[in-house]
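Novice: Structure below; questions to follow.
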Ligand SMILES: [Fe+2]
Ligand SMILES: [Fe+2]
């Protein structure tokens, strides 16, 4: 018979996935800030870098609540999304479309995070992990705000410049 796995196992697995992803994002955002040409976009990436460092810390707090050592698990999805972002940076370097490409890559990252944190928050509710719910919710709000801000940047100068 297959090993009996529960929602607790799935929760921990997914926590490791997003922990890995957030640390990759922290490594990538400075490169995106450096590549961005619009000052608004550059500043946005820098701001989200410091927020993302906070996301890593909140995840470490959740591991602590569970009595576990923080550990990541390779997340192929984020690696793929980041890889696409890198291709855009290389292929559109020096062109007016670069910033629009950076916004689109960043929004893919935010949507991945929103999906993960939304799921983790619901599971934490089911598992009665009240403090974890609050931590996920705080991060989720920042990811949603970042996504909205990116849309505004895209609708403003960036897409017009690219067209
Ligand atoms: Fe994040
Ligand atoms: Fe994010």
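Residue numbers (the numbering used here): 845 to 1007.
We treat Cβ as the ideally placed atom computed from N, Cα and C, and that holds for glycine.
Computed from a prediction, not measured in an experiment: that's the story for all the values here.
Helix, strand or coil: how does DSSP classify residue 848 here?
Specialist: Three-state result, residue 848: coil.
Novice: Let me know the secondary structure DSSP gives residue 915 once reduced to three states.
Specialist: DSSP places residue 915 in coil when its eight states are reduced to three.
Novice: Can residue 896 be considered in contact with ligand 2, in the sense that its beta carbon sits closer than 7 Å to one or more heavy atoms?
Specialist: Yes, the Cβ of residue 896 comes within 7 Å of a heavy atom of ligand 2.
Novice: In chain order, what residues of the same chain have a beta carbon less than 7 Å from the beta carbon of residue 965, not counting five sequence neighbours either side?
Specialist: Counting only Cβ-Cβ distances below 7 Å, and skipping sequence neighbours, we find 977, 980, 981, 984.
Novice: Return the residue from the list 998, 975, 970 that minimises the CA-CA distance to residue 854.
Specialist: Checked all of 998, 975, 970; the closest Cα to residue 854 is 970.
Novice: Would you identify the three-state DSSP class for residue 874, choosing helix, strand or coil?
Specialist: Helix at residue 874.
Novice: List the endpoints of the continuous alpha helix (DSSP H) containing residue 910.
Specialist: Careful: residue 910 lies outside any alpha helix (DSSP H) and carries neither H nor E.
Novice: Go through the stretch 920 to 990 residue by residue and report every complete run of the alpha helix (DSSP H) that reaches 4 residues or more, in order.
Specialist: Here the runs fully enclosed are 920 to 935, 942 to 970.
Novice: Return the chain-ordered list of same chain residues with a C-beta closer than 8 Å to the C-beta of residue 928, the five sequence neighbours on each side being excluded.
Specialist: Answer for residue 928: 949, 952, listed in chain order.
Novice: Between the alpha carbons of residue 998 and residue 884, how many angstroms are there, rounded?
Specialist: The straight-line gap from Cα to Cα measures roughly 11 Å.
Novice: My guess is that residue 907 and residue 973 are in contact by the Cβ rule of under 8 Å, so how many angstroms apart are they, rounded?
Specialist: Their Cβ separation, rounded to whole angstroms, is 12 Å, which puts residue 907 and residue 973 out of contact at 8 Å.
Novice: What did DSSP end up calling residue 858 once you bin it into helix, strand or coil?
Specialist: Helix, per DSSP.
Novice: How long is the line joining the alpha carbons of residue 986 and residue 938, rounded to whole angstroms?
Specialist: Rounded to the nearest angstrom, the two C-alpha atoms are 30 Å apart.
Novice: Exposed or buried, residue 942, counting other C-beta atoms within 10 Å across all chains shown (16 or more means buried)?
Specialist: Buried, by the Cβ-count rule.
Novice: Where do the N-terminal and C-terminal ends of the alpha helix (DSSP H) with residue 1006 fall, by residue?
Specialist: Where residue 1006 is concerned, the enclosing alpha helix (DSSP H) stretches over 1003 to 1006.
Novice: Hey, is residue 890 close to ligand 1, as in C-beta under 7 Å from one of its heavy atoms?
Specialist: Flag unset: Cβ of residue 890 not near ligand 1.
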